[in-house]
Each structure stands twice: as C-alpha cells, then as structure tokens.
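Asker: My structure is below; once you've seen it, I'll send some questions.
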Amino acid sequence: MHAFANPAKFLSLAKVLTPWLFWGGLALILVGAGCGLFVTPADYLQGESVRILYIHVPAAWLGMGGWTGLAIAALMQIVWRHPLAGVAGRAIAVPGALFTAICLATGSIWGRPTWGTWWEWDGRMTSMLVLLFLYFGYIALARASAEQPGGIGENGGVSRVTAIFALVGAVNLPIINRSVVWWNSLHQGPSITMRGSSIDSAILWPLGLTVIGFSLWFGAIVLMRMRSILAQNKVEARMARLAREAA
Amino acid sequence: MALKSKHQRLILVLIALVAIIGAGLLAASALKDEAAYFYVPADVKAKGFTPGKAVRLGGMVVAGSLAHAPDGVTKTFTVSDGKATVPVRFTGIAPDLFREGSGVVAEGKFDAQGTFIADNLLAKHDERYMPREMEGMSYDPKTHKVTGAAKP
Amino acid sequence: MNHWPFIIAAYLITALGVLGLSWGSWRAMRAAEARADAMRRDR
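Chains as they are written, first to last, in my numbering: chain H, 1 to 247; chain E, 248 to 399; chain Z, 400 to 442.
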C-alpha cells in the first residue's frame with residue numbers, strides 16, 4: 001500500500017503512464033463515439049436518441065466512480081496517513097464533478113425527446129444532482145484546507161474535515177444506484193445487471209469502448225493534476241527554505 | 248503502538264461508516280412512499296383515491312385500449328401495472344414514445360368516478376434497448392432472453 | 400421529432416468538457432513542472 005508513498009517513485013511511474021492513458025483513452029472514446037453515432041442501429045422505441053447512451057453511461061460511471069475514489073483516498077488518509085491520499089482526492093474532485101454534470105446534461109437532453117421532459121424530480125435525477133452538489137462542497141472544502149497555515153493542505157492534500165466529508169458523502173452512491181429499484185421513478189431500471197444485459201448486443205458494443213476510453217482518460221487527468229500539485233509542492237518547499245535561509 | 252493506533256483509526260472509521268450508511272438507508276426507506284415519483288394502479292386500488300388531488304400515475308398502456316375522441320386531441324386509454332387498471336383521459340400532445348404496450352407516467356387528477364384526467368403525459372422508457380428489426384420478439388425480463396421471430 | 404439536434408448537443412457538451420479539462424490540466428501540469436525543473440537547475 002505504501003509502495004507509492006515516496007512521491008519520487010510515484011512520479012516516475014506517473015510520467016510513463018500519463019501519455020499512454022491519455023492518448024489511449026482519447027482514441028477509444030473517438031472510436032466508440034464514432035461507431036455509436038454512425039454504425040449502430042437506432043433503438044426500436046427511442047429511435048436515434050439512443051446514441052446519447054454512449055456518453056451518458058460513461059459519464060454516470062465516472063461521476064460515481066470519482067466519488068468512490070474520493071472516499072477511498074479519504075480512508076487511506078485517515079487510517080493509513082498515506083502522504084499521497086489527499087493529493088489524489090484533490091486531483092479527482094474536478095474531473096468527477098465535470099462528469100456528474102455531463103451525466104445530468106446528457107440525461108436531460110435525452111429526456112426531452114424520449115420522456116417528453118427536460119427534468120423531473122424523480123429519485124435517480126435528484127440523487128445525481130445531490131452528488132454534483134456534494135462535489136461542489138468537497139471542492140470548496142479542499143480549497144479552504146489549502147489556506148490553513150501549517151495544515152495538511154499545505155502539502156497539496158486536504159484537511160481531515162474534507163476527508164470525512166468524502167466518506168459521509170459516499171452514502172449517496174448506493175442511493176443513486178438503487179434509486180430506480182426502491183422508488184417508482186421515471187428513469188428506467190438497470191439494464192446491465194449481474195444476470196446479463198437487456199441492451200441488445202448490436203447496440204451495446206460501442207458502450208464498452210467509450211466506458212473504457214473515458215476511464216483511461218479520467219486516469220490520465222487525475223495523474224496530470226496530481227503531478228501539478230506535487231510540482232507546486234516542490235516549488236513551495238524550496239521557497240520556504242530560501243525564506244528561512246535569508247532570515 | 249503505531250500499528251495499534253492505525254487499527255484503532257480503521258475500526259473507528261468503519262464503525263462510523265456503518266452508522267452513516269445505516270442512517271442513510273433508514274432515511275431512504277422511510278422516504279419510500281414520499282420519494283415515489285408516481286403511483287401505480289395497484290396503489291390506487293389498495294388505498295383509494297382523492298378526487299381533485301394532483302398526483303402522477305404510472306404503468307403500461309394496455310394494448311388495444313387506446314382510443315381517439317372525435318375532437319382529435321383527446322385520447323382515452325387504460326393504464327395497468329399487471330395487478331389493477333385505471334382508465335385515463337388525456338387532452339393534448341403526447342410524446343413520440345407514447346404508444347400501446349409501453350410505459351407511461353400521467354400527471355393529473357382523478358375525477359369523482361375514478362377516471363384519471365391527465366394534463367400531461369410522459370413516456371417511460373424501460374430497460375430494453377434493441378434494433379428496430381427485433382421489435383415484436385418477446386423478451387423475458389427475468390432471464391434477459393429474447394425469443395421468437397423478428398419482424399419481417 | 401428529429402433527434403439529431405439533441406444528439407449533437409449532447410456530444411458537443413461532452414467534447415467541450417473533455418477538451419477543456421484536458422487543456423487546462425495539461426497546461427497547469429506543464430507550467431508547474433517547468434517551474435520545479437527550473438528551480439532545480441539554478442540551485
């Protein structure tokens with residue numbers, strides 16, 4: 001678990017991984033989206049609007065996966081005091097929020113031609129909107145923790161309160177997942193379950209490409225943001241040392 | 248000692264997590280009725296209805312029940328959830344996906360006779376996605392198996 | 400109803416978000432690492 005506790009070791013791996021994840025992810029996204037737009041057939045009922053699925057589902061997966069990442073980072077920070085956990089949390093927050101917003105936006109755009117409404121306060125949509133607000137809260141707390149003098153935020157991490165907030169917010173994840181099962185909702189039930197998929201394979205296959213592609217790209221963005229924070233730390237540590245020597 | 252305090256933190260966090268998730272689930276299940284986006288005909292049958300109160304009614308449009316009134320904009324149909332049925336009357340423009348045998352959520356109120364007067368219709372899509380050529384094949388939601396011949 | 404304007408809008412929003420975040424994150428990383436490297440050199 002502490003193999004990458006040493007930022008230098010982490011950085012050397014991150015430098016190799018970043019371009020591979022970034023370009024590989026982007027290539028898969030383009031191929032998946034291209035096939036989803038021009039190759040797969042339209043749905044028997046939804047018609048062409050089914051094509052929005054190929055970005056809506058990866059966005060939902062990464063919006064929720066991002067918060068899972070925040071919660072794991074928070075656990076590592078609180079329990080194992082892993083030095084990179086707070087940095088990872090700070091790096092995940094913005095891309096996670098972006099994908100939650102994309103999920104809501106694409107869902108709304110799909111809802112208009114399909115359901116006949118842009119927005120309804122049903123369980124799935126409301127709990128996903130709550131997730132977006134949770135991200136905003138996390139980003140604000142992470143930003144505030146950088147301003148505490150001498151706090152853990154000084155090293156690009158996040159405060160203890162921010163980490164606890166990430167753990168508490170994780171309660172929303174099972175609620176989002178189960179919202180279409182527990183409550184009568186306008187949003188359809190899960191299509192892909194342990195028993196299989198109710199999406200026909202002729203329509204399903206590009207979804208695999210975009211889900212993997214967006215995930216790889218997400219990883220690259222998180223690594224880039226972590227590298228920014230770690231480089232900033234180096235500069236700030238050096239400045240502090242110079243200031244001490246001058247005094 | 249270092250190991251011990253680490254374990255202590257882990258246990259504390261786990262206990263807190265279990266408590267929070269328990270509280271969240273309790274709240275969610277308490278909200279079960281409040282958070283329901285719509286009622287189904289079985290709820291109406293079991294609990295009755297209040298004429299004039301704005302509610303949403305959801306279910307399947309029974310095949311063969313859809314009829315168009317002579318005025319051209321009024322439709323009547325029956326909504327079923329497999330346990331009970333409710334007659335619905337709607338005046339206005341229905342979404343493209345509104346059709347017999349498909350899901351619908353109607354917004355409106357009951358009249359005194361128990362007919363649901365809808366002032367807005369939303370098409371509810373189900374979890375099935377398939378190409379047009381496969382329409383008409385039968386689908387088993389339990390096994391996710393599609394059987395039967397495709398439309399010619 | 401023609402669905403294509405909706406599909407194009409959804410893909411466009413996603414493309415803008417992906418490209419914007421790619422560009423922003425990459426630039427921030429390059430700037431921060433360049434500063435760190437420059438500092439190491441003039442030590």
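Backbone N, C-alpha and C fix where the C-beta goes; we use that ideal spot for every residue, glycine too. Model, not experiment: these values are computed from the prediction.
Any idea what DSSP makes of I364 of chain E, helix, strand or coil?
Answerer: Reduced to three states, the DSSP call for I364 of chain E is strand.
Asker: Does any residue of chain B have a CB that is nearer than 7 Å to the CB of G305 of chain E?
Answerer: Included in the structure are the protein chains H, E and Z, with no chain B among them.
Asker: Using a Cβ-Cβ distance under 7 Å, would A408 of chain Z count as near chain H?
Answerer: So yes, A408 of chain Z belongs to the interface.
Asker: Compute the distance between the beta-carbons of I179 of chain H and T162 of chain H, then report whether it is under 7 Å.
Answerer: The sequence shown places Ser at residue 179 of chain H, not Ile. Against a cut-off of 7 Å, the Cβ pair of T162 of chain H and S179 of chain H comes out as no contact.
Asker: Between K371 of chain E and chain H, is the shortest Cβ-Cβ distance under 7 Å, so that the two count as touching?
Answerer: Judged by the 7 Å Cβ criterion, K371 of chain E is in contact with chain H.
Asker: So, helix, strand or coil for K319 of chain E, using DSSP?
Answerer: The question names Lys, yet the displayed sequence has Gly at residue 319 of chain E. If DSSP states are grouped into helix, strand and coil, G319 of chain E belongs with coil.
Asker: Mapping DSSP to helix, strand and coil, what is L313 of chain E?
Answerer: Here L313 of chain E sits in coil by DSSP.
Asker: Going by beta-carbon coordinates alone, are G25 of chain H and G213 of chain H separated by less than 7 Å?
Answerer: For G25 of chain H and G213 of chain H, yes; Cβs fall inside 7 Å.
Asker: In this structure, how does DSSP classify F285 of chain E when only helix, strand and coil are distinguished?
Answerer: Looking at F285 of chain E - three-state DSSP - the assignment turns out to be coil, as it is neither helix nor strand.
Asker: When the cut-off is 7 Å and only beta carbons count, does M248 of chain E lie next to chain H?
Answerer: Caution applies to M248 of chain E, whose pLDDT of 45 falls short of 50 and renders its modelled position unreliable; the model cannot decide the point.
Asker: Look up T106 of chain H in the DSSP assignment and give the residues it is bridged to.
Answerer: According to DSSP, which records beta bridges pairwise, T106 of chain H is partnered with nothing at all.
Asker: Note the first and the last residue of the continuous alpha helix (DSSP H) segment covering L13 of chain H.
Answerer: 7-38 is the extent of the alpha helix (DSSP H) around L13 of chain H.
Asker: Which residues in chain E sit within 9 Å of I109 of chain H, going by Cβ to Cβ distance?
Answerer: Ordered by position in chain E, no residue passes the 9 Å Cβ test against I109 of chain H, which lies about 14 Å from the chain.
Asker: Where A42 of chain H and G66 of chain H are concerned, what is the direct C-alpha to C-alpha distance, given to the nearest angstrom?
Answerer: Cα to Cα, A42 of chain H sits roughly 31 Å from G66 of chain H.
Asker: If contacts are defined as beta-carbon pairs under 8 Å, then S108 of chain H and W121 of chain H qualify, I think. What distance do you get, rounded to the angstrom?
Answerer: 13 Å between Cβ atoms; not a contact.
Asker: Can you say whether F165 of chain H is buried or exposed, counting buried as having 16 or more other CB atoms within 10 angstroms of its CB?
Answerer: Answer is buried; the Cβ neighbour count reaches 16.
Asker: Check whether the Cβ of E374 of chain E lies closer than 7 Å to any Cβ atom in chain H.
Answerer: Taking Cβ atoms only, chain H reaches closer than 7 Å to E374 of chain E, which makes this a yes.
Asker: Skipping 5 residues on each side, what residues in its chain have a beta carbon closer than 8 Å to that of H391 of chain E?
Answerer: Any reading at H391 of chain E must be qualified, since the residue scores a pLDDT of 49, below 50, and its modelled position is unreliable; the value itself is stated next. So no residue of the chain qualifies.
Asker: Against chain H, with Cβ distances strictly below 7 Å, would R426 of chain Z count as a contact?
Answerer: No, because no Cβ of chain H sits closer than 7 Å to the Cβ of R426 of chain Z.
Asker: Cα separation between K253 of chain E and M128 of chain H?
Answerer: Using only the alpha carbons, I get a separation of about 34 Å.
Asker: What does DSSP give as the partner residues of E354 of chain E in its beta bridges?
Answerer: Beta-bridge pairing links E354 of chain E to E:R303, E:N367.
Asker: Counting pairs of beta carbons, one from the stretch 101-115 of chain H and one from the stretch 362-380 of chain E, are three or more of them closer than 8 Å?
Answerer: Because the criterion of three Cβ pairs below 8 Å is met, the stretch 101-115 of chain H and the stretch 362-380 of chain E touch.
Asker: Would I203 of chain H pass as a contact of Y286 of chain E if the rule is Cβ separation under 7 Å?
Answerer: No, these two residues do not count as a Cβ contact at 7 Å.
Asker: Please report how far the alpha carbon of L411 of chain Z lies from the alpha carbon of Y54 of chain H, in whole angstroms.
Answerer: So the alpha carbons of these two residues sit roughly 13 Å apart.
Asker: In the stretch 151-182 of chain H, which residues sit with their C-beta less than 9 Å from some C-beta in chain Z, listed in chain order?
Answerer: Taking 9 Å as the Cβ-Cβ cut-off against chain Z, none of the residues of the stretch 151-182 of chain H qualify.
Asker: For H391 of chain E, which three-state DSSP category applies?
Answerer: With a pLDDT of 49 at H391 of chain E, under the threshold of 50, the modelled position of that residue is not reliable, and the figure given next carries that caveat. In this structure, H391 of chain E counts as coil in the three-state DSSP scheme.
Asker: Contact criterion: CB-CB distance below 7 Å. Does P378 of chain E meet it with respect to chain H?
Answerer: It does; some Cβ of chain H falls within 7 Å.
Asker: If you draw a straight line from the alpha carbon of R346 of chain E to that of M226 of chain H, how long is it in whole angstroms?
Answerer: Cα to Cα, R346 of chain E sits roughly 51 Å from M226 of chain H.
Asker: On the criterion of 16 or more Cβ atoms from any shown chain inside 10 Å, does W217 of chain H qualify as buried, or is it exposed?
Answerer: W217 of chain H is buried by the Cβ-count criterion.
Asker: Taking the beta carbon of V16 of chain H as the centre, do at least 16 other beta carbons fall within 10 Å, making it buried, or is it exposed?
Answerer: Exposed, since its Cβ has fewer than 16 Cβ neighbours within 10 Å.
Asker: Are H56 of chain H and T106 of chain H touching if we call contact CB-CB under 7 Å?
Answerer: Yes, the Cβ-Cβ distance between H56 of chain H and T106 of chain H is below 7 Å.
Asker: Show which residues of chain H have a CB atom less than 7 Å away from the CB atom of L257 of chain E.
Answerer: By Cβ distance, chain H contributes V79.
Asker: Do you know offhand how far R426 of chain Z's Cα is from N233 of chain H's?
Answerer: Going from the Cα of R426 of chain Z to the Cα of N233 of chain H covers about 17 Å.
Asker: Of all the alpha helix (DSSP H) runs that stay within the bounds of the stretch 132-171 of chain H, which reach a length of 4 or more residues?
Answerer: Counting whole runs of 4 or more residues, the stretch 132-171 of chain H contains the alpha helix (DSSP H) stretches 160-169.
Asker: Label P6 of chain H either buried or exposed according to how many other C-beta atoms from any shown protein chain fall within 10 Å of its C-beta, with 16 as the threshold for buried.
Answerer: The identity of residue 6 of chain H in the sequence shown is Asn, whereas the question assumes Pro. It counts as exposed.
Asker: Is the Cβ-Cβ distance between V352 of chain E and G305 of chain E less than 7 Å?
Answerer: Yes.
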